[in-house]
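K.L.:
Protein sequence lines, in the order shown, are assigned to chains A and B. For the numbering used here, add 86 to where a residue sits in the first sequence, where the first one is 1. For the numbering used here, add 86 to where a residue sits in the second sequence, where the first one is 1.
Number of protein chains: 2
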Amino acid sequence: MIKFFEKDPYAPIQYVYDVEKVLYKGKSEFQEIMVIENPHFGKMLILDGTVQITERDEFFYHEMLVHVLMHAHPDPKKVIVIGGGDGGTVREVLKHDSVEKVYFIEIDEEVINVSKKFFPSVAGSIGSSRVEIKCMDGAEFVKGRDGDIDIVIVDSTDIIGFAKSLFTVEFFKSVKDCLTEDGMFVTLSESMHFHKDMVIEVQEAMRLIFPIVDLYTAPLATYAGNWWTFSCASKKHDLRQMRKDFKIDARYYSDEIHKQAFMPPGMYERLMQRNLMW
Amino acid sequence: MIKFFEKDPYAPIQYVYDVEKVLYKGKSEFQEIMVIENPHFGKMLILDGTVQITERDEFFYHEMLVHVLMHAHPDPKKVIVIGGGDGGTVREVLKHDSVEKVYFIEIDEEVINVSKKFFPSVAGSIGSSRVEIKCMDGAEFVKGRDGDIDIVIVDSTDIIGFAKSLFTVEFFKSVKDCLTEDGMFVTLSESMHFHKDMVIEVQEAMRLIFPIVDLYTAPLATYAGNWWTFSCASKKHDLRQMRKDFKIDARYYSDEIHKQAFMPPGMYERLMQRNLMW
């Protein structure tokens, strides 16, 4: 069988996947886009040689990126999703009835088009009347906005290349300014195994801007390093506390996982003191 | 650079490692043994093409295999370690001063010899006067023993090939019979991502024998599927509860991790009902 060798300059293990079929291969203004069929994971979306989602396990990532904050927030109505052109994050946000408006800001329209065609179970919610799509740089979109947003979610590619603008202190400041007083922010922040220094840098930058910053993790099989981190922040609310009952339809996330996903206080402290012994 | 392609028939992702140097390559009565040097993980021990330990991250696995039960047990004195010829598990057991005797049962003497030579930081405790080495099948060793053992730890290769005898109902029965009334048992049981059915099978077999059976996990980067499970059992004690203070020297395990590592009750129940939605 043909093999797909993942390209990830930051990963000390290279992942190789069987390819039953290459379903799509193209190049957008920003990146190479590929869709392959794998016997175990089903269809897989690959951007610039790195796996973004697979049909089989995308829900772990999308649920964990979205539902922790959606349950920590007292009443999220307006949400900005930056990146996540596959639509999985938007799909999870829309599971919450309180949500009136999702600003879906994806820089690369081609990713949306390809996802709509090949991943209907993921991209199916993009056409919702509650969703407003803008194909532009997310950092530009949040800059100078009024403080009317409840939650900002960054669902970008890895913290290299053009996604870099979403991991700067300036960006975090713009995010804070566009949030209401109850407002919250979450972003992927790479792996505790392979990118611990990146995790710390993202956390440190967020701490310069937000009074409350926290870190939770999920075990993901298809992202290098697997022990994946999500960095989150808020203006006043403790993010570990759920402020509504767990009622949505989810496969991995639950009220139990909400509590368990956050990094234990002692380990978190050692991480931020750069004192974890690995 | 030369590449090492891991062989794992049960893993839908193949892991590939850079090889700076092949330090050892040989064949014992039981398996092929290889030691390579990798730029990120340091020295790596490979048995029959599957990564067993790496210098950099072996402590995650060894600490989690050993310290959860060593802290749940009121006073472990006699411990049996089956497998783990690299010595990492024995090293962790010996960190507990209460331990008077470790029966170290490794079927393949060659693994011990190679580990002593190439992994002194892992195998260094094997020579302790508290350790009695026997090179034989662990299933044979526990069969018909008196009930004088406090903890039995299985640190085998994957649940295929010659390690299979360590995952049968008969073996679990022998383990139970050799334990004291406070006795406990722990074994690796593969990945929640890639081998969920195997996890369930091990749990079901253990439940036929032990009144208390439980499951905890750890995020490991170098074992396929990463979200690694440890199946544990006891005759009377709840394993989630620590019965002594956390005082040993550890890098990942802690009192916080002890509590957090166990599978949440709701998820555990869905797993055993074969009702997890993935």
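Heads up, the beta-carbon is just placed ideally off N, CA and C, and yes, glycines get one too. Remember, it's a predicted structure, so these values are computed and weren't measured experimentally.
A/Val102 touches chain B at which residues, Cβ-Cβ below 8 Å?
P.N.:
Correct list: Phe91, Ile99, Gln100, Tyr101 and Val102.
K.L.:
Thinking C-alpha only, which one of B/Ala158, B/Glu192 and B/Ser201 is nearest B/Asp172?
P.N.:
When only C-alpha atoms are compared, the closest one is B/Ser201.
K.L.:
Quick one, which of A/Met130, A/Leu109, A/Cys221 and A/Tyr302 has its alpha-carbon nearest A/Glu62's?
P.N.:
Since the first residue of chain A shown is 87 and the last is 364, residue 62 of chain A is not available in this structure.
K.L.:
Please list the terminal residues of the continuous alpha helix (DSSP H) segment that includes A/Thr273.
P.N.:
Premise fails: A/Thr273 lies in the beta strand (DSSP E), Leu265 to Ser277, not in any alpha helix (DSSP H).
K.L.:
Indicate whether A/Arg279 and B/Ala307 have their beta-carbon atoms separated by less than 8 Å.
P.N.:
Sequence inspection shows His at residue 279 of chain A; the Arg mentioned does not correspond to that position. Their beta carbons are under 8 Å apart, which means A/His279 touches B/Ala307 by this criterion.
K.L.:
Quick check on the DSSP output: the alpha helix (DSSP H) that includes A/Asp372 runs from which residue to which?
P.N.:
Beyond the ends of chain A as shown, which are 87 and 364, falls residue 372 of chain A; an answer cannot be given.
K.L.:
Within 8 Å of any Cβ in chain A, is that where the Cβ of B/Gly135 sits?
P.N.:
Not one chain A Cβ lies under 8 Å of B/Gly135.
K.L.:
Give the interface partners of B/Asn312 over in chain A, defined as CB-CB distance under 9 Å, in chain order.
P.N.:
Chain A residues near B/Asn312: His279, Pro305, Leu306, Ala307, Gly311, Asn312 and Trp313.
K.L.:
Assuming A/Asp244 and A/Glu196 make a contact with CB atoms under 8 Å, what is their CB distance in whole Å?
P.N.:
Actually they do not touch by this definition, with Cβ atoms about 18 Å apart.
K.L.:
Tell me whether B/Met243 sits in a helix, a strand or coil according to DSSP, three-state version.
P.N.:
Sequence check: residue 243 of chain B is Thr here, not Met. Reduced to three states, the DSSP call for B/Thr243 is coil.
K.L.:
Since B/Tyr189 contacts B/Glu149 with CB under 8 Å, what's their CB separation in whole angstroms?
P.N.:
About 21 Å; that fails the 8 Å criterion.
K.L.:
Distance cutoff 8 Å, beta carbons only. Does B/Ser184 sit that close to anything in chain A?
P.N.:
Not one chain A Cβ lies under 8 Å of B/Ser184.
K.L.:
What residues of chain A sit near B/Ile343, judged by a beta carbon separation below 7 Å?
P.N.:
Residues of chain A passing the Cβ test: Pro350.
K.L.:
What is the rounded straight-line gap between the Cα of B/Gly128 and the Cα of B/Thr140?
P.N.:
The alpha-carbon atoms of B/Gly128 and B/Thr140 are separated by roughly 6 Å.
K.L.:
What do you get for A/Val255, buried or exposed, if any count of 16 or more other CB atoms within 10 angstroms of its CB means buried?
P.N.:
Burial call: exposed.
K.L.:
For A/Ser207, tell me which candidate among A/Val102, A/Glu186, A/Glu144 and A/Val285 has the shortest Cα-Cα distance.
P.N.:
Measuring from the Cα of A/Ser207, the nearest candidate turns out to be A/Glu144.
K.L.:
What do you get for B/Arg337, buried or exposed, if any count of 16 or more other CB atoms within 10 angstroms of its CB means buried?
P.N.:
Exposed is the call here.
K.L.:
Following a CB-centred definition, is B/Lys164 positioned closer than 7 Å to any heavy atom of the ligand SAH?
P.N.:
As for the ligand SAH, it is missing from this structure, which has no ligand bound.
K.L.:
Quick one: Cα of A/Ala97 to Cα of A/Lys345, how far?
P.N.:
So the alpha carbons of these two residues sit roughly 29 Å apart.
K.L.:
Going along the chain, which residues of its own chain have a beta-carbon closer than 8 Å to the beta-carbon of B/Val102, five neighbours each way excluded?
P.N.:
Cβ within range, chain order: Lys89, Phe90, Phe91 and Glu92.
K.L.:
In chain A, what lies closer than 7 Å to B/Arg337 by C-beta?
P.N.:
Going along chain A in sequence order, the residues near B/Arg337 (Cβ under 7 Å) are Met363 and Trp364.
K.L.:
Does B/Met328 have its Cβ less than 8 Å from a Cβ in chain A?
P.N.:
Chain A contact via Cβ: absent.
K.L.:
Taking its Cβ as the centre, do 16 or more other Cβ atoms sit within 10 Å of B/Val154, making it buried, or is it exposed?
P.N.:
Buried.
K.L.:
Checking the sheet assignment: what are the DSSP bridge partners for B/Phe316?
P.N.:
Looking at the DSSP assignment, B/Phe316 forms a beta bridge with B/Leu274 and B/Tyr302.
K.L.:
Residue range of the alpha helix (DSSP H) that A/Asn124 falls in?
P.N.:
Run containing A/Asn124: none in the alpha helix (DSSP H); it sits in the beta strand (DSSP E), Glu118 to Asn124.
K.L.:
Cα separation between B/Phe348 and A/Gln359?
P.N.:
Distance between the alpha carbons of B/Phe348 and A/Gln359: 27 Å.
K.L.:
Any beta carbon from chain A within less than 8 Å of B/His126's own beta carbon?
P.N.:
At least one chain A Cβ lies under 8 Å of B/His126.
K.L.:
Which one of B/Glu267, B/Gln117, B/Gly135 and B/Glu123 has the shortest CA to CA distance from B/Pro160?
P.N.:
Checked all of B/Glu267, B/Gln117, B/Gly135 and B/Glu123; the closest Cα to B/Pro160 is B/Glu267.
K.L.:
Can you list, in chain order, the residues of the region 137–158 of chain A whose Cβ is nearer than 9 Å to any Cβ on chain B?
P.N.:
Under the 9 Å Cβ criterion, the region 137–158 of chain A contributes Arg142, Asp143, Phe145 and Phe146.
K.L.:
In the DSSP assignment, find the beta strand (DSSP E) that holds A/Gly112 and state where it starts and stops.
P.N.:
From DSSP, the beta strand (DSSP E) with A/Gly112 extends over Lys107 to Lys113.
K.L.:
Rounding to the nearest angstrom, what Cα-Cα distance links B/Gln327 and B/Ser317 in this structure?
P.N.:
Cα to Cα, the separation comes out at about 16 Å.
K.L.:
So, at 6 Å on beta carbons, what are the nonlocal neighbours of A/Lys107 in its own chain, with the 5 sequence-adjacent residues on each side left out?
P.N.:
Hits under 6 Å: Glu123.
K.L.:
Less than 8 Å between CB atoms is the rule here; does A/Ser340 satisfy it with respect to chain B?
P.N.:
Judged by the 8 Å Cβ criterion, A/Ser340 is in contact with chain B.
K.L.:
Using 10 angstroms around the beta-carbon of B/Met292, count the other beta-carbons present and answer buried if the total reaches 16, otherwise exposed.
P.N.:
So B/Met292 ends up on the buried side.
K.L.:
Any Cβ of chain A within less than 8 Å of the Cβ of B/Met353?
P.N.:
Chain A, which has a Cβ nearer than 8 Å to the Cβ of B/Met353, makes this yes.
K.L.:
Taking 8 Å as the CB-CB limit, is A/Gln346 close to chain B?
P.N.:
It does: the Cβ of A/Gln346 has a partner Cβ on chain B nearer than 8 Å.
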